[in-house]
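J.:
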Amino acid sequence: MKPKAIILRGTGTNCDIETFNSFKYVGAEPELVHINQLLSGAKKVLDYSIMAFPGGFSYGDDISAGKIYAVKMSRLSADFGAFIKDKRPVLGICNGFQILVKTGFLPENKAGAQVSTLYTNDCGHFLAKWIKLKINKKSPCIFTKGLPDEIELPIAHGEGKFIIEDKKVMAELVARELHAMTYEENPNGSMLDIAGITNSSGTCFGLMPHPERNFFAWQHPDRPAAAREAAAAGFQFFKNAVDYAG
Amino acid sequence: MTDNLLNFTSLNKKQLVELDRTYGWSLSALELAEVQRQFGETGRQPSRGELETIAQTWSEHCKHKTFSGPVRFKSGGKVKRYKNLFKETIVKATRKLNKKWCLSVFTDNAGIVEFGKNGKWGLAFKAETHNHPCAVEPYGGAETGVGGVVRDILGVGLGAKPVLNTDNFCFGYLDSKTKLPKNSHSPERIMRGVVEGVRDYGNRMGIPTASGGLYFDDGYLLNPLVYVGCAGLIPVDKIAKKVIPGDLIVSIGGRTGRDGIHGATFSSANIDEDTSASAVQIGHAVNEKKTLDVLMRARDLGLYNAVTDCGAGGFSSAIGELGSETGARVRLENAQLKDTHIQPWEIWVSESQERMILSVPGKKLKKLEVILKAESCEYCVLGTFPGDGRLLVTHGAEKVVDLPMSFLHGGVPNFEKAAVRRKVKISDGSPVSPAKTYCGILKDMLAHPNVCSRHSVITQYDHEVQGGTVIKPLQGKYGDGPGDAAVIWPQAATLDLNDFSGFAVTHGFNPAAGRIDPYQMALHTVDEAVRNLLCVGADISRTAILDNFCAASPRDPEVMGDLVLAAEGCHDAAMAYGAPFISGKDSFYNQAKDAEGNEYPIPISLLISATAPVEDIRKAITMNFKEAGNPVYLAGVNRRGLGGSVYGDMMVAGNNFISPLAMKEAVRLYLAVSKAISAGCVIAAHDVSQGGLAVTLAEMAFSGGLGAEIELAGAAREKGLGPLELLFGESPARLVLEVTKGKETEFLKLVKGLPVNEIGYVNEEPVLDVKDGEARLFTENINALKTCWKRELL
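Printed below as a string of structure tokens:
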């Protein structure tokens, strides 16, 4: 049976459809669900096996990126917490990563509080470009399994500077190899060049770059693309989630 | 003044003009006299609301009186008369071409052409200008410009899903601050504001801003031009719309406030010291995103019979347009407001953003409400479309408007405008020997604001959201080469990852040529757009184009003369290239006056936006050199003339004539090259445009990280063409091609008999070496060239 994937939307979510398409292509049964449908009780997250928070500007990124969406989720934090604890795959891309950080689900911590943030890029504004990333092979992250040491993905964000103030939290994150992905050339000022982090089970993963935008070879800026194999680096992230859930 | 309003029908000409100035309607005395006559017949005085409605509806901005009006054009002793300039040039070409893949032209909020293989989809395309608002308040003006053109796409047919935004800007040179009159924004401040506005709105909407251009000229010092465009996909069975009598008038999205009162009328006048920033609307992208999400769901469920956007003129235009046959009964007290101190007539004409008007059958309202609430989108039911042809607008007990629709839409008077051909001194002398080396000139040229890299603007836009920007504005080995056109694979609209249909979008623009010869400018501009489409491998036989004219005051006969010539050029180019116009826009009165009374008119500016299908997006090509050893070809004939060129802007050129475009030859050449690209013979293509051949070669080289050995002796050239015009001249209809090694024979067979000549090969060594027979013109490291080019503009 195809694993059911919940693609969470809200006002201002805007990478939902390509994320939906990507999950469908690798064999999941995705469904777009608005946070209002969860809050009204019309839908329940625990009815799904995979969860994704797509990119965008949820609620305009007012206050700070992902903050309002995270606040809306707080009433349902028991359900979300249970989903993660159950080791069902959770993927947060860009604004989705920002939401996971603002809810306190990432980095994982006992209090379930927000212990880090994704702050305004050092350049001071939104930045969209292709970058090289290093994959941490020692990380428990299930999404990055089987990827080469170095991949390319585009970034597109204004608030992507990953910061942890507490040195102990950062040291623990690094010691447990939870920094699954780092920038080769840091585009935003993130501490330790961190581009994506996971939890200790490796099933909850947030990253600033967009794997759904390098899903097929022809989405890459270097051409000719038709000569290459269809599946590009981003494909693997989605495939891994479905394989794991299936 | 209230007295004058109360005695409207008996005012004299002077009083009418005074009244118009006070209320900012931008109507002429003759137009006001016509209003007076019509009310005289009814035997009553008009209300403020009625006069406001007429001012909006009859404004230049809404009715395009200049372009669609009668013109008397005088050129060299001959006189030509037009009854409707637009219909007799632009529209005429489209009608004559009569392409069956054009699904909707000039009638709706955007033009629609067929898209894809299965006949299921249409591609809607529209470009707008938002010049006046950006001159006054750059950030807000640009934001609401984007918001407005996106709503045009949402409001075409029963609504298209936006998949691409375009942006083309013109500013004064960034270093021209010293020339600024007092109290004006510096070009740098305007540019920064405009870029940030487009960024913040477009990115939040989740629409990739992936195609556009930047152009600097001091003609735009006080009047920046901000062209914003949008393309969207629409199911072909959702193109027809019709209001059914009895339908409810439902406004969805934003609330109504006092921002943007008189936007339409202020855009129909020159800007001066007294222009108020309150005419500019305040944007809020999140509201528009909600509106988009609601509309797409409601459309697919068939919950409304018609839709249009609230743009210029607000409710008055949108409801007036939808109800032009049925009439409309509007209760303004039902409107959702953001300002409680608003007058009823202000609610009626306010241009507050993010509002769409739907015509909803009463029994479907409940279902629509469910979707609106699910998406947290505000709405209000404003009234009904009754079917009696009467426009009745009330606010509680107060009557705001009570007029027959025919008054608004039929009554607009139009007056003949005078046009004359501008006298321009043309010299065709030999180029003046430059004091610099060719290499030195090339380096300066690569750093010229009209040539250098646009990355500092492009990277601020989310140009890849929706995952379908397969040919990007920045491309090549390092993802930073200047692309000729964007190619969009609209997977987020079709939801079909096995359908590789896409479309290309690009632009042509050259006001420098327009100063010398507006007719040739129009031809060159269409040619450049078609050539750009060709460079990515689009099917140019299915090119559709948009015209977007900006000009100074049409009261100046020379400005009108420029317009006539450019419009005639558009007609002739469309016919020769078989490329119909599907939609257009014009903006006049781009003329500012400073405190000392000096006038600043812009040059005639024609933006041609073009689109063509890409059958298989996987086979689209980019502009950078790909592999050492591959032969390089130049397609097209190099011709004389430095008029309108970047070189002419930088140096004393010695001549200013513009090589006339041989359109038939160009089309023959392009069709052959198109076949060669489809056959997989061509692996890179780049057009020769601003900066000329030297810039084209340099860009192809450094974007691919490869050098080239170039020998121009074999290139086709007009008699008398020297190395300077060969390197830096901008004669049209030329492009440089990299051909895959081993496919030369097939390639040459496809281009047989055409001016396509080998000019060298791609080289591993990172050096661009250019010779012309015995003469070595220059040799330079590609990284040194790239350093000059890759400037930070912001």
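Chains as they are written, first to last, in this note's numbering: chain V, 827 to 1072; chain U, 4 to 797. C-beta atoms are modelled at their ideal positions from N, C-alpha and C, and glycine is treated no differently.
1) Using a Cβ cut-off of 9 Å, pull out every chain U residue sitting near CYS1030(V), in sequence order please.
2) Between ILE255(U) and THR387(U), is the Cβ-Cβ spacing less than 8 Å?
3) Per DSSP, which one or two residues make a beta bridge with ALA309(U)?
4) Quick check on ASP502(U) - is its C-beta less than 8 Å from some C-beta in chain V?
5) Report the residue from ALA688(U), THR614(U) and ASP559(U) whose alpha carbon sits nearest the alpha carbon of GLY639(U).
6) Going by the DSSP bridge assignment, what does ASP772(U) pair with across the sheet?
7) Strictly below 8 Å CB to CB, what residues from chain U border PRO980(V)?
8) Is PHE410(U) helix, strand or coil when you go by DSSP?
9) With a threshold of 16 other CB atoms inside 10 Å of the CB of ILE1020(V), please say whether the residue is buried or exposed.
10) Since I believe ILE919(V) is in contact with THR845(V) (beta carbons under 8 Å), could you give me their beta-carbon distance rounded to a whole number of angstroms?
11) Check the C-beta distance from VAL508(U) over to SER214(U) and give it rounded, since I have them as a contact under 8 Å.
12) Pick helix, strand or coil for MET4(U), following the three-state DSSP scheme.
13) For the segment 943-964 of chain V, which residues have a beta carbon sitting closer than 8 Å to at least one beta carbon of chain U?
14) Near LYS120(U), what residues of its chain come up, given a Cβ to Cβ distance below 7 Å and the 5 sequence neighbours on each side ignored?
15) So what's HIS689(U) in DSSP terms, helix, strand or just coil?
16) What residues in the segment 448-477 of chain U bring their beta carbon closer than 9 Å to a beta carbon of chain V?
17) Applying the criterion that 16 or more other CB atoms from any shown protein chain within 10 Å of the CB defines a buried residue, is THR343(U) buried or exposed?
18) Give me, in chain order, the residues of the same chain whose beta-carbon lies closer than 8 Å to that of ARG720(U); leave out the 5 immediate sequence neighbours on both sides.
19) Just how far apart, CA to CA, sit MET4(U) and ARG302(U)?
20) Could you tell me the alpha carbon to alpha carbon distance between ALA422(U) and LEU88(U), rounded to whole angstroms?
21) List, in order along the chain, the chain U residues whose C-beta lies closer than 9 Å to that of GLU1011(V)?
22) Return no unless some Cβ of chain V is closer than 8 Å to the Cβ of ASN206(U).
23) Considering only residues of the segment 75-125 of chain U, which uninterrupted alpha helix (DSSP H) runs meet the minimum length of 4 residues and lie entirely inside it, listed in chain order?
24) Could you check what DSSP says for ILE264(U) in three-state terms: helix, strand or coil?
25) Curious, which full-length beta strand (DSSP E) runs of at least 3 residues does the segment 530-570 of chain U contain?
26) With a 10 Å radius around its C-beta and 16 neighbouring C-beta atoms as the bar for buried, classify SER612(U) as buried or exposed.
27) From the DSSP output, in three-state form, read off ASN337(U) for me.
28) Tell me whether PHE570(U) is buried or exposed, calling it buried when 16 or more other Cβ atoms sit within 10 Å of its Cβ.
29) Taking the continuous alpha helix (DSSP H) assigned at VAL38(U), which residues delimit it?
30) Select from ASP220(U), ALA288(U), HIS265(U) and VAL283(U) the residue whose C-alpha is nearest the C-alpha of VAL201(U).
31) Assign ALA704(U) to buried or exposed, taking buried as 16 or more other Cβ atoms, counted over all protein chains shown, within 10 Å of its Cβ.
32) Identify every run of the beta strand (DSSP E) within the segment 389-434 of chain U, keeping only runs that are complete inside it and at least 3 residues long; order them along the chain.
33) How many angstroms separate the CA atom of LEU780(U) from the CA atom of VAL773(U)?
34) Between the C-alpha atoms of GLY881(V) and TYR218(U), what's the straight-line distance to the nearest angstrom?
35) Check the Cβ-Cβ distances between ALA1051(V) and every residue of chain U, and say whether any is below 8 Å.
36) Below 6 Å CB to CB, which residues in the same chain sit around THR69(U) once its five sequence neighbours on both sides are set aside?
T.: Reading off the structure:
1) Start at 1 with the first residue of the first sequence, and residue 1030(V) comes out as number 204. Correct list: empty, because the minimum Cβ distance to chain U is about 23 Å.
2) Here the question's residue 255(U) lines up with position 252 in the second sequence. Here the question's residue 387(U) lines up with position 384 in the second sequence. In this structure, THR387(U) does not lie closer than 8 Å to ILE255(U) by Cβ.
3) Within the second sequence, the letter at position 306 stands for residue 309(U). Looking at the DSSP assignment, ALA309(U) forms a beta bridge with SER362(U).
4) Residue numbering aside, residue 502(U) sits at position 499 when the second sequence is read from its first letter. ASP502(U) does not count as touching chain V.
5) For the purposes of this step, residue 639(U) is taken as residue 636 along the second sequence, with counting starting at 1. Cα-wise, what sits closest to GLY639(U) is ALA688(U).
6) For the purposes of this step, residue 772(U) is taken as the residue at position 769 of the second sequence. Paired residue(s): GLU712(U) and THR782(U).
7) Here residue 980(V) is taken as the residue at index 154 of the first sequence, counted from 1. Ordered by position in chain U, the residues that pass the 8 Å Cβ test against PRO980(V) are GLU467.
8) Here residue 410(U) is taken as the residue at index 407 of the second sequence, counted from 1. If DSSP states are grouped into helix, strand and coil, PHE410(U) belongs with the helices.
9) Numbered from its first residue, the first sequence carries residue 1020(V) at position 194. Classification of ILE1020(V): buried, given that the 10 Å Cβ count is 16 or more.
10) Sequence index remark: in the first sequence, residue 845(V) carries index 19 (1-based). Sequence index remark: in the first sequence, residue 919(V) carries index 93 (1-based). The pair is a contact, with the Cβ atoms about 7 Å apart (cut-off 8 Å).
11) For this step, residue 508(U) is matched to residue 505 along the second sequence. For this step, residue 214(U) is matched to residue 211 along the second sequence. Right, their Cβ atoms sit about 5 Å apart.
12) Looking up residue 4(U) in the second sequence gives position 1. Per-residue confidence for MET4(U) stands at a pLDDT of 47, beneath the threshold of 50, marking its modelled position as unreliable; the derived number appears in the next sentence. MET4(U): coil per DSSP, three-state reduction.
13) When C-beta distances to chain U are compared with 8 Å, the residues of the segment 943-964 of chain V below that value are HIS951, PHE952, LEU953, ALA954, LYS955 and TRP956, in chain order.
14) The sequence position of residue 120(U) within the second sequence is 117, counting from 1. For LYS120(U), same chain residues with a beta-carbon under 7 Å away, outside a window of 5 residues either side, are SER504 in chain order.
15) Residue mapping note: residue 689(U) aligns to position 686 of the second sequence, counting from 1. Looking at HIS689(U) - three-state DSSP - the assignment turns out to be strand.
16) HIS458, ILE461, THR462, GLN463, TYR464, ASP465, HIS466, GLU467, VAL468, GLN469, GLY470, GLY471, THR472, VAL473, ILE474, LYS475 and LEU477
17) Translated into positions along the second sequence, residue 343(U) becomes position 340. Answer is exposed; the Cβ neighbour count stays below 16.
18) In the second sequence, the residue the question calls residue 720(U) occupies position 717. Same-chain partners within the cutoff: VAL640, ASN641, ARG642 and LEU729.
19) Taking the first residue of the second sequence as 1, we reach residue 4(U) at position 1. Taking the first residue of the second sequence as 1, we reach residue 302(U) at position 299. At MET4(U), the pLDDT of 47 sits below 50, so the modelled position is not reliable; the number obtained from the coordinates is stated separately. Straight-line Cα distance between these residues: approximately 47 Å.
20) Numbered from its first residue, the second sequence carries residue 422(U) at position 419. Numbered from its first residue, the second sequence carries residue 88(U) at position 85. If you take the alpha carbons of ALA422(U) and LEU88(U), they lie about 11 Å apart.
21) For the purposes of this step, residue 1011(V) is identified with residue 185 of the first sequence, where counting begins at 1. Going along chain U, no residue has its Cβ under 9 Å from GLU1011(V), so there is no contact; the nearest lies around 12 Å.
22) For this step, residue 206(U) is matched to residue 203 along the second sequence. Yes - at least one Cβ of chain V is within 8 Å of the one on ASN206(U).
23) The qualifying runs are 95-100.
24) In the second sequence, the residue the question calls residue 264(U) occupies position 261. Of the three classes helix, strand and coil, the one that applies to ILE264(U) here is coil, per DSSP.
25) 547-553
26) The sequence position of residue 612(U) within the second sequence is 609, counting from 1. By the neighbour-count rule (16 or more Cβ atoms within 10 Å), SER612(U) is buried.
27) As a working note, residue 337(U) is residue 334 in the second sequence. It is helical.
28) Taking the second sequence and counting its residues from 1, the one referred to as residue 570(U) is at position 567. According to the sequence shown, residue 570(U) is Ala rather than Phe. With 16 or more Cβ atoms within 10 Å of its Cβ, ALA570(U) is classed as buried.
29) Along the second sequence, read from residue 1 onward, the residue named residue 38(U) stands at position 35. Taken as a continuous stretch (DSSP letters only), the alpha helix (DSSP H) holding VAL38(U) covers 32-45.
30) As a working mapping, residue 201(U) is identified with position 198 in the second sequence. Of ASP220(U), ALA288(U), HIS265(U) and VAL283(U), the residue nearest in Cα terms is ALA288(U).
31) One-based indexing of the second sequence puts residue 704(U) at position 701. Classification of ALA704(U): buried, given that the 10 Å Cβ count is 16 or more.
32) 393-398, 401-407 and 420-423
33) By 1-based counting over the second sequence, the position of residue 780(U) is 777. By 1-based counting over the second sequence, the position of residue 773(U) is 770. Spanning the two alpha carbons is a distance of roughly 6 Å.
34) Locating residue 881(V) in the first sequence gives position 55, where the first residue counts as 1. Locating residue 218(U) in the second sequence gives position 215, where the first residue counts as 1. C-alpha separation (whole angstroms): 32 Å.
35) On the first sequence, residue 1051(V) is found 225 positions in, with the first residue counted as 1. Cβ-Cβ to chain U under 8 Å: yes for ALA1051(V).
36) The residue you call residue 69(U) lines up with position 66 of the second sequence. If we look at THR69(U) and ignore the five residues flanking it on each side, its Cβ neighbours are PRO557 and PHE591.
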